Every structure is written in C-alpha cells, then in structure tokens.
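Enquirer: Residues 1 to 274 (full-length UniProt numbering) make up the sequence shown, in order.
This is the structure I want to talk about, given as structure tokens.
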Amino acid sequence: MPTAPLPTPAVAPSDPAAQWDEVLAAFGPDPNPPPPAPEPEVPAAVEEAGGPLAGARAALERLSTWVPIRALARRHRHRVVDHLLALDPRDRYLRFGYAPSDEQIRNYVLGIDFSRDEVLGVFNRRLQLVALAHLAYGLPMPGEPARRMAEFGVSVLPQSRGRGLGRRLFDAAALHARNRGIDTLFIHALSENRPMLRIATAAGATVERDGSESAAWLRLPPDTVGSQVEQALERHLGELDFQFKRQARVLGDFVDSVAEVKAHFDASGRAAKE
Ligand SMILES: CC(C)(COP(=O)(O)OP(=O)(O)OC[C@H]1O[C@@H](n2cnc3c(N)ncnc32)[C@H](O)[C@@H]1OP(=O)(O)O)[C@@H](O)C(=O)NCCC(=O)NCCS
C-alpha cells in the first residue's frame, strides 16, 4: 500500500515561540495586534505628478519634442539685440505692450541683469537666435520678504513659429523658476495674443482679461531632485548642441572656401588654355 506523504507541519516543533502562538490561537484573535509594518518610503523625486509612471511618460513626451534651449549670458547681448531688432512693429507691440524703437530695444537689452534674471534661447543651424525668452526675477523691496514671482516674456522669429518653440521656452522657464524657489510665473499679454494665451492656459495658468490686456498666473510646484536633474540635463544638452552647430558651421565655411579657391583655379586654368 502506497503511503501518503505526511503533511508538513506549519511550524517546526522545536520553535517555542511558534508553539506558543498556536496555543494562543485557540483563544481567538489577538485583541492587541502588533502595529502594521510602515509603508516603504517613496523618494521625493518620483512622488511628483502622479508617481513614477506619469513622470516617466511626461519625460518621454518632452524628449520626443526636444528642442535644444541654451541659457544665455552677458556675452550674448548682441545676439539678443539682433533677435529683437528683427521683430516688426506689430510683433514688438505684442512682445512689449508697445512698439519700441530700435534705440529702446538696445536700452532694454542693456538693462537686462544676466546675473539675476534668466535669458533662454533657441539657435538654428546658422546660429541665429530664432527664439528668446526673458525670465525676470523681481528685486525684493527693502524690508519685504524675497519675491517669489517671476515674469515671463518671449518672442519667436516669424519663420520659426508654429513649431512649438514658444511653448518649449515657456516650459523651460517654468522649470528654471521652480528650481529657484519661485512659486508663481506671471505673463502679461495683450488679449488679442492668442498663441501666448494658448501657451499659458494649456500649462494651467489662470488668465484674467481686462479689456485689451490680459494677465496670466501659473502656480509652480516646489522643486524636486527630478526637476533639478532635468534642468541640469537640458543645460548640458543645449550647450552640446550649440558647440556642435558651431563646429559644423566652421567646417561648412572651410568647405565653402575650398570650393571657392577650386573654382578660382578652374576658371584661371580655363582662361590660360583659351
Ligand atoms: C507668442 C509666440 C511666442 C508663440 O510662438 P510659437 O513658437 O509660434 O508658439 P507655439 O508653436 O509653441 O504654439 C503655441 C500655441 O499657440 C497656438 N497658435 C499659434 N498660432 C495661433 C493663432 N494665430 N491663433 C490661435 N492659436 C495659435 C498653437 O497652435 C499652439 O497651441 P497648441 O500647442 O495647443 O497647438 C510668437 O507668436 C511670437 O513671438 N509673437 C510675437 C511676440 C509675442 O507675442 N510675445 C508674447 C508676449 S510676452
């Protein structure tokens, strides 16, 4: 007769603590159960915006529409001036709320404090500054707590519009402001400026219209390790992209001059034969 295997005892008979538990189980459930084990801690970096999956999805989305954005410094002032001077009176009006003269634009750029504010730009392959954003951090008044609001202004050259550069600069500016401890991004726009108001409302800003003018406020969440890393990565990639374009341009100029010299020699060779 085959012998059925003996059931494995739930606990080893030599374990006195387990035996004691079995004896106590006969008297019903424990009226003072031990406190539940604490939940494992979620790192702050993955807590934002609906957990790690939502964060990863948003990062992937941003990557698929990635545009190299470069933080500009004092030495880029002439490029900033050239960009703004290329705007026609109507665009200048939309950007500043009035149509500044060339002189007023130069003075505006001279007045930008690059050590306090942030100026972000997008360059095309010819290293022309095609999109520009100025994130102005207010100076705290004496005796007042530090201001936690920054004002955003942006312009994209007409030939580069409609490709999402305005929106990307807005997102980058919001990230930078957030990482500087700013909790509100302010945008002043004319009510007729539909693209600008569209960018602001799509990001979740509250828009208040007052006749021909509108003001938009976007509340920013506090920074996290993730938002700091994202900014550092963008800065690095933006710089890399600019250097790459510069090298490509130097190489392009070199190839052009070689072609020019060759054409010159070909022409003089032909002339000599004739
Ligand atoms: C406002 C401005 C920066 C937008 O730049 P852009 O690179 O063309 O903007 P984007 O391509 O990111 O488009 C932004 C949104 O506006 C929408 N949009 C573009 N043109 C539009 C129009 N004429 N009417 C309504 N919506 C429009 C786009 O569809 C997009 O929305 P979506 O992403 O939901 O499709 C650009 O038009 C500009 O430089 N204007 C002159 C200066 C100015 O107005 N500055 C803003 C004041 S601070």
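All C-beta atoms in this analysis are idealised placements derived from N, C-alpha and C, irrespective of residue type, glycine included.
Here the structure is a predicted model, which is why all the values come from computation and not from measurement.
Check whether the region 75 to 84 and the region 239 to 256 are in contact - that is, three or more C-beta pairs closer than 8 Å.
Expert: Output reads no: the region 239 to 256 does not touch the region 75 to 84.
Enquirer: Excluding sequence positions up to five away, which residues of its chain have a Cβ less than 6 Å from the Cβ of residue 118?
Expert: 135, 176.
Enquirer: As a quick exercise: from 257, 137, 260, 204, pick the residue whose alpha carbon is nearest that of residue 167.
Expert: The shortest C-alpha separation from residue 167 is found at 204.
Enquirer: Below 7 Å, is the gap between the Cβ of residue 124 and the nearest heavy atom of ligand 1?
Expert: No, since every heavy atom of ligand 1 falls outside the 7 Å radius drawn around the Cβ of residue 124.
Enquirer: Can you list, in chain order, every residue whose CB sits closer than 6 Å to a heavy atom of ligand 1?
Expert: Having a Cβ closer than 6 Å to some heavy atom of ligand 1 are 91, 94, 95, 153, 154, 155, 156, 161, 162, 163, 164, 165, 166, 167, 189, 193, 194, 195, 196, 198, 199, 202.
Enquirer: Who are the Cβ neighbours of residue 274 in its own chain at under 6 Å, not counting the five residues just before and after it?
Expert: Closer than 6 Å at Cβ, skipping near neighbours: no residue.
Enquirer: In this structure, what does DSSP give as the bridge partners for residue 137?
Expert: Paired residues: 150.
Enquirer: What's the call for residue 297, buried or exposed, on a 16-neighbour Cβ count within 10 Å?
Expert: There is simply no residue 297 to check, as the chain begins at 1 and stops at 274 in what is shown.
Enquirer: Give me the Cα-Cα distance between residue 149 and residue 253, rounded to the nearest whole angstrom.
Expert: Their Cα atoms are separated by approximately 44 Å.
Enquirer: Could you have a look at residue 190 and say whether DSSP puts it in helix, strand or coil?
Expert: Three-state result, residue 190: strand.
Enquirer: Compare the C-alpha of residue 224 against each of 179, 192, 191 and name the closest.
Expert: The candidate whose alpha carbon is nearest that of residue 224 is 179.
Enquirer: What are the start and end residues of each continuous beta strand (DSSP E) run of 3 or more residues lying completely inside the UniProt domain "N-acetyltransferase" (67 to 223), in chain order?
Expert: You should have 70 to 72, 118 to 123, 129 to 137, 149 to 156, 184 to 190, 206 to 210, 213 to 219.
Enquirer: Under the three-state reduction of DSSP, which class applies to residue 274: helix, strand or coil?
Expert: If DSSP states are grouped into helix, strand and coil, residue 274 belongs with coil.
Enquirer: Can you say whether residue 137 is buried or exposed, counting buried as having 16 or more other CB atoms within 10 angstroms of its CB?
Expert: That one is buried.
Enquirer: Answer yes or no: do residue 182 and residue 220 have a C-beta to C-beta separation smaller than 8 Å?
Expert: Contact flag set, yes.
Enquirer: State buried or exposed for residue 41, treating a residue as buried only when at least 16 other CB atoms are found within 10 Å of its CB.
Expert: Here residue 41 scores only 43 on pLDDT, less than 50, and its place in the model should not be relied on; the value that follows carries that caveat. Counting Cβ neighbours within 10 Å, residue 41 comes out exposed, since fewer than 16 surround it.
Enquirer: CA-CA distance, residue 262 and residue 251?
Expert: Going from the Cα of residue 262 to the Cα of residue 251 covers about 16 Å.
Enquirer: How many Å lie between residue 108 and residue 82 at the Cα?
Expert: Approximately 13 Å, taken between the alpha carbons.
Enquirer: Just the Cα atoms here: how many angstroms apart are residue 101 and residue 114?
Expert: One C-alpha to the other measures close to 22 Å.
Enquirer: Is the shortest distance between the beta-carbon of residue 224 and the beta-carbons of chain C less than 8 Å?
Expert: Looking for chain C here will not work: only one protein chain is present.
Enquirer: For residue 70, is the classification buried or exposed, using 16 other Cβ atoms within 10 angstroms of its Cβ as the cut-off for buried?
Expert: Its Cβ being crowded by 16 or more others within 10 Å, residue 70 is buried.
Enquirer: With a CB to CB cut of under 8 Å and the five nearest residues on each side skipped, what residues in its chain are close to residue 234?
Expert: Closer than 8 Å at the Cβ level, and outside the excluded window around residue 234, lie 69, 172, 175.
Enquirer: Rounded to whole angstroms, what's the CA-CA distance from residue 151 to residue 89? Just pull it up for me.
Expert: Roughly 22 Å separates the two Cα atoms.
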